[in-house]
Amino acid sequence: MCPQRRHLERQDLKSVPCGSSDAEFRVTDPGDGSCPAGDYIAHPEYSKDGTTELCLHPLR
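Just so you know, my numbering puts the end of the sequence shown at 69, numbered straight through with nothing missing.
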């Protein structure tokens, strides 16, 4: 999944194809619980289980 941010003031993400010009981030699993420098943290409601925080790696 490659989300596109629809609103800057709050996290409102929608899934778009990763090759799309609309894609702004690539979603990654932090594995050890921390995202790499420069990545954002997605709110847990965007994960499959609704509790896991995922990383949003900027594509541009």
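Positions of the beta carbon are idealized from the N, C-alpha and C atoms, including for glycine.
- Query: With distances taken between CB atoms, is the gap from L63 to A51 smaller than 7 Å?
  - Reply: By 1-based counting over the sequence shown, the position of residue 63 is 54. By 1-based counting over the sequence shown, the position of residue 51 is 42. Contact: yes.
- Message: Considering Cα atoms alone, identify which of Q20, K23, E33 is closest to P67.
- Response: Within the sequence shown, residue 67 is the residue found at index 58, counting from 1. Residue nearest to P67 within the set Q20, K23, E33 is E33 (criterion: CA-CA distance).
- Contact set for C44: own chain, Cβ-Cβ below 7 Å, skip 5 residues either direction: Within the sequence shown, numbered from 1, the residue matching residue 44 stands at position 35. Around C44: I50, C64.
- Query: Cα separation between T60 and G42?
  - Reply: One-based indexing of the sequence shown puts residue 60 at position 51. One-based indexing of the sequence shown puts residue 42 at position 33. Whole-angstrom Cα-Cα distance: 12 Å.
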